[in-house]
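Asker: Residue numbers for the sequence shown, in the working numbering: 22 to 177.
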Amino acid sequence: MDDQASQQHKNEQEMRDIIEEARCILPGLQAVFGFQTIAVFNKRFTDLATYAQVCHLVGLGLMVVAMAMLMTPAVYNRAKRGQATSRMLRMSRKSIRGGLIPLAVGLSLDMLTVMSLATDMLSLSIAAAVATLLLFMGLWYFIPRSDPAQVAEPRS
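1. Given that a residue counts as buried once 16 or more other Cβ atoms are within 10 Å of its Cβ, and exposed if not, what is Asp131?
2. Out of Ile40, Ala89, Arg65, which has the shortest C-alpha to C-alpha gap to Phe54?
3. Cα separation between Phe66 and Ala60?
4. Just the Cα atoms here: how many angstroms apart are Ile164 and Met158?
5. With H, G and I counted as helix, E and B as strand and the rest as coil, what does DSSP make of Phe62?
6. Once you ignore the five residues that flank Arg108 on each side, which residues in its own chain have a CB closer than 6 angstroms to its CB?
7. Ordered along the chain, which non-local residues of its own chain (more than five positions away) have a Cβ less than 6 angstroms from that of Phe62?
8. So Thr140 is in the alpha helix (DSSP H); what residue range does that whole segment cover?
9. Considering only C-alpha positions, which residue in the set Leu78, Leu110, Ile117 is nearest to Val135?
10. Would you check if there are 3 or more beta carbon pairs closer than 8 angstroms linking the region 37-54 to the region 114-122?
11. If contacts are defined as beta-carbon pairs under 8 angstroms, then Gly127 and Met84 qualify, I think. What distance do you get, rounded to the angstrom?
12. Could you check what DSSP says for Gln51 in three-state terms: helix, strand or coil?
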């Protein structure tokens, strides 16, 4: 029984860590979402090319998806009344990691929108968006996975 209690304690601590990670990301994401939403009501938004408006709105939608995915672990934890299970931890890890993808794509699409307005050059706007996406993916996925000292994620 001690092993079960010890494992449950570890699970609950890891769940608290996961929720804390999401809490670090969410305020910035919510601020960006607010600015994205306000941009639609700005007069200059109608000056954007149609593709840039669509990119902005798709990016806004992706930010909603990212927020939902990043908030999901806290909802799981609340539903289970703090009793973290191995399955819940796996789902929560995937939700946090997965939520960073729509966040990266949404911010990259916004970079395209901003560059389109600033330069009126589609090729430069696309290049900036791709560079932004590569930066996020590199920092959030590729570099961490290439570190041989990185401890493998526990498989519970």
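Note that beta-carbon positions come from the ideal geometry of N, C-alpha and C, so glycine has one too.
Answerer: Put simply:
1. Counting from one through the sequence shown, the residue named residue 131 turns up at place 110. When all chains shown are included, Asp131 counts as buried.
2. By 1-based counting over the sequence shown, the position of residue 54 is 33. Cα-wise, what sits closest to Phe54 is Ala89.
3. Here residue 66 corresponds to residue number 45 of the sequence shown, with the count starting at 1. Here residue 60 corresponds to residue number 39 of the sequence shown, with the count starting at 1. Distance from the CA of Phe66 to the CA of Ala60, rounded to the nearest whole angstrom, comes to 7 angstroms.
4. In the sequence shown, counting from the first residue as 1, residue 164 sits at position 143. In the sequence shown, counting from the first residue as 1, residue 158 sits at position 137. So the alpha carbons of these two residues sit roughly 9 angstroms apart.
5. Translated into positions along the sequence shown, residue 62 becomes position 41. Looking at Phe62 - three-state DSSP - the assignment turns out to be coil, as it is neither helix nor strand.
6. One-based indexing of the sequence shown puts residue 108 at position 87. Contacts found: none.
7. Position 41 of the sequence shown holds residue 62. Here the set comprises nothing.
8. Counting from one through the sequence shown, the residue named residue 140 turns up at place 119. Here the alpha helix (DSSP H) through Thr140 covers 107-140.
9. Here residue 135 refers to the residue found at position 114 of the sequence shown. Sorting Leu78, Leu110, Ile117 by C-alpha distance to the C-alpha of Val135 places Leu78 at the top.
10. Yes, the region 37-54 is in contact with the region 114-122.
11. Within the sequence shown, residue 127 is the residue found at index 106, counting from 1. Within the sequence shown, residue 84 is the residue found at index 63, counting from 1. Sure, about 5 angstroms apart at Cβ, within 8 angstroms.
12. For this step, residue 51 is matched to residue 30 along the sequence shown. Three-state result, Gln51: helix.
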